[in-house]
Structures are given as structure tokens and as C-alpha cells.
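In the working numbering, each residue's number is its place in the sequence shown (first place is 1) plus 21.
Please read the structure below before turning to the comments.
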Amino acid sequence: PAAAAKEPPAPDGRTVIKAMNDRYIGKFYMTLTYKQNVSIIGTNGRETKQVWNQYLTLPGRQRIDYVPLASRSGVLYADGKLYSFTNGKVANSQPGWHPLLVLTGDVYTQMPDTTAMQLDSLGFDLSIARKDKWEGREMWVVGAAAGDSTHSQFWVDTDSLLVRRILQRETRAGRMTVNETRYLNFKPVAGYPVAHSMRAYRDGRLY
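Structure follows, in C-alpha cells:
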């Protein structure tokens with residue numbers, strides 16, 4: 022009998038990044054301004070409501086002003102650095118790319134090699150890629166093997182090529198934690214796809 026045809030292997034992460042870029046380069050928003058209603062959930066289950074004014078200029082720039090604006094507090098991501106502001110003054114700055122900004126905006130608006138360099142520096146293993154399913158949809162998963170929920174990875178809808186999940190492993194106070202962000206409820210804004218809700222988890226707990 023003839024041998025059964027084998028499914029082609031999943032591409033590596035760089036191939037996925039290039040496909041994402043090919044789909045949207047020149048067809049993605051370059052600036053976006055919106056008001057984000059935030060609920061921060063404490064370990065006791067209590068919710069604290071906040072409002073953040075968000076301003077994006079792609080690739081690579083994001084500003085968040087905390088409301089009320091009179092506090093003159095927020096954060097700025099620019100040129101591969103993070104700045105935090107309190108009372109209008111820089112309270113802290115540190116180098117590093119913002120993985121959420123890279124994977125939800127920059128990847129669609131800059132050269133794929135630049136995105137690959139940034140993700141590599143953030144600890145995403147681009148040599149690992151596979152297909153999986155999430156919420157009934159087929160995904161490319163880059164950065165972790167099947168069953169691995171602790172290494173940094175991102176999940177890309179194979180149809181829309183939009184990022185739906187980002188998991189990043191980091192060390193906090195001497196212990197390893199995994200932060201996960203999920204992007205939900207995509208709707209067109211001026212013809213561009215924008216997630217209208219997101220959820221953040223730390224070590225599996227919604228926060």
C-alpha cells in the first residue's frame with residue numbers, strides 16, 4: 022500500500038513572524054488612541070477600578086496616562102526602554118522591549134528580522150513552533166513544546182494571523198513567574214482589527 026502522506030512540519034518562529042508581517046504590512050494601524058477600563062483583582066478577590074489613556078505609535082512607542090490626569094503618572098515605552106512617571110517626573114527607567122507591544126503591533130509594522138531580534142532578547146525560542154487549538158480555533162504556537170505552559174511563548178490564530186495569547190516567564194523576587202495575556206473580542210476600528218478586551222493572568226490567577 023502507498024505510504025500515507027505526512028503533514029508538513031510546523032515552520033519555525035521566524036516563518037510565523039514573516040507570515041504575520043506579510044499579511045498586514047502597510048495594512049495595519051500606525052497610531053491608535055483609546056481609553057482602557059481596567060479592573061485589578063487582588064488575591065482576596067477584591068477589584069480595584071482604574072482608567073488608563075493609551076496612545077500607540079507603531080512601531081515601538083506606547084504611552085499610558087493614568088486617570089486622573091492631574092496625577093501626571095503613567096508609563097512610556099520608547100526606543101527599547103521603559104520609563105515610569107510619578108507626579109510628572111521619571112521614577113524609574115530600564116532597558117528592554119515590551120513583549121505585548123512587539124507582538125500585537127510592531128510585528129505587523131516593522132521588518133521581521135527586527136521583531137525576531139527583539140523576541141529573542143526577551144527569551145522567546147523562535148526555533149520551536151507547532152500547531153495547537155485554543156477556544157476551538159487553530160493556532161501557531163511559537164516558543165514552547167506541547168504541554169509546556171511555563172516557557173515564554175505566543176499563540177497566533179492561523180486564519181487571521183493575529184496574536185491571541187502571550188505567555189512570558191520572568192523572575193520576580195527570586196522566584197519564577199509566568200505572566201499570560203489573552204486578547205479577545207476583536208472588532209474592526211476604521212477597518213483595522215483591534216482587541217476590545219484582554220485578560221491578564223499571573224501563574225494561572227486572573228489579576
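We put the CB at the ideal spot given by N, CA and C, even for glycine.
The model shown is predicted, which means the values in this text are computed figures rather than measured ones.
- Threonine 107 and glycine 81 have their C-alpha atoms roughly 22 angstroms apart.
- Within the stretch 120-201, the complete beta strand (DSSP E) runs of at least 3 residues fall at 150-155, 158-163, 174-178, 184-193.
- Judged by DSSP in its simplified three-state form, alanine 211 adopts coil rather than helix or strand.
- The Cβ-Cβ distance between glycine 144 and arginine 190 falls below 9 angstroms.
- For tyrosine 98, the closest of Thr78, Tyr87, Leu90 by C-alpha to C-alpha distance is Thr78.
- Residue nearest to arginine 193 within the set Val59, Asp224, Ala166 is Asp224 (criterion: CA-CA distance).
- The alpha-carbon separation between isoleucine 149 and alanine 167 amounts to approximately 10 angstroms.
- Just so you know, the alpha carbons of glycine 63 and threonine 54 end up roughly 28 angstroms apart.
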